[in-house]
Ligand code: ARG
């Protein structure tokens, strides 16, 4: 299945502030390595998979704009724009909103509660799986339900290292996910297992390698190359896996999925 993707080049990608435990002002990413890893990912999308990729211009001093998935959830051509928890990231919403308008996407709404787009939401079949706690507020899930008319499975995130749900959970197909259970509370783990037919479990170490921050078209999974064991689990479940180096972005708390916004029209 061909995907339409929006990405933002890491031209101004730096650690200018610390808003999650991965980020350290004293541990700056290498510009060269970040550019290399990002271009390699882009090459996988366009050359290997034949997906369509569009680009938004990066903005100086908005270093996290590179994590395009965080700007919104787009589904059925409708956009729910993010309202970022931290003031440092709030100006990103306007930039992305303008890009959507300029590119003909006009159904745009913004939540009134904190909501961080694809960072905290994924689409699984007809359902939306959504996280809350560190960034998005639970109240935003009701707003999503009303706007998209889809069931929202709300999961409470409890580990600050996995502040966004997409760092600990990935949707692999309409009925299969992979997740690190320790990132969410026990009732949320149970809820997930009751709602999703196939749940592959990952270890803490696998989650730390950002192998759960993945993009899948239902058959092929693009993910971090850091954990061979998780890649094997994906393969054993019947998926084709394209591993790629991405850990320069972990210095900011991000990976493959964070760099990738799906334009679902
Ligand atoms: N530094 C960014 C932040 O803390 C990283 C966001 C990564 N995005 C994601 N979808 N996990 O907000």
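In my numbering, the protein residues as written are 47 to 311.
Ideal Cβ placement from N, Cα and C applies to all residues, glycine included.
Closest in alpha carbon position to residue 245, among 224, 231, 177, 272, is 224. Ranked by how close their Cα comes to the Cα of residue 52, the residues 69, 112, 189 have 112 in first place. Taking C-beta atoms as the reference points, residue 194 and residue 122 count as a pair closer than 8 Å. Cβ atoms of residue 202 and residue 231 come within 8 Å of each other, at about 5 Å.
In this structure, residue 173 and residue 191 do not form a Cβ contact; the two beta carbons are roughly 10 Å apart against a cut-off of 8 Å. Counted as a single uninterrupted DSSP element, the beta strand (DSSP E) harbouring residue 247 occupies residues 244 to 247. Taking the Cα of residue 216 as reference, the smallest distance to any Cα among 160, 177, 186 is reached at 177. The ligand ARG never approaches residue 168 closely enough for any of its heavy atoms to be under 7 Å from the residue's Cβ. In this structure, the ligand ARG has no non-hydrogen atom nearer than 7 Å to the beta-carbon of residue 257.
Membership of residue 177 in the beta strand (DSSP E) is indicated by the continuous run 173 to 178.
Assignment of beta-bridge partners to residue 279 by DSSP yields no partner.
In the DSSP annotation of this structure, the continuous segment of the beta strand (DSSP E) that includes residue 224 starts and ends at 222 to 225. Straight across, the Cα-Cα distance linking residue 213 with residue 97 is about 23 Å. Scanning the segment 90 to 133 from its first residue to its last, the whole beta strand (DSSP E) runs of 3-plus residues come out as 98 to 101, 118 to 121, 124 to 127.
The beta carbon of residue 270 lies closer than 8 Å to those of 255, 256, 257, 259, 260, 289, 290, 291, 292, 293, 301, 302 in the same chain, with the five residues before and after it left out.
In this structure, residue 298 has its CB closer than 7 Å to one or more heavy atoms of the ligand ARG. Residue 74 and residue 60 have their C-alpha atoms some 6 Å from each other. When DSSP states are grouped into helix, strand and coil, residue 144 belongs to the helix group. By the neighbour-count criterion, in which 16 or more other beta carbons inside 10 Å mark a residue as buried, residue 161 falls on the buried side. Counted as a single uninterrupted DSSP element, the beta strand (DSSP E) harbouring residue 202 occupies residues 198 to 202.
If you check the C-beta of residue 210 against the ligand ARG, you find a heavy atom less than 7 Å away. Assigned with DSSP and collapsed to three states, residue 304 falls in helix.
Counting along the chain, residue 215 sits inside the beta strand (DSSP E) bounded by residues 215 to 219. With 16 or more other Cβ atoms from the protein chains shown falling within 10 Å of its own Cβ, residue 306 counts as buried. In summary, residue 47 is exposed, with fewer than 16 beta-carbon neighbours lying within 10 Å of its beta-carbon over all protein chains present. Counting along the chain, the unbroken alpha helix (DSSP H) around residue 190 starts and ends at 184 to 194.
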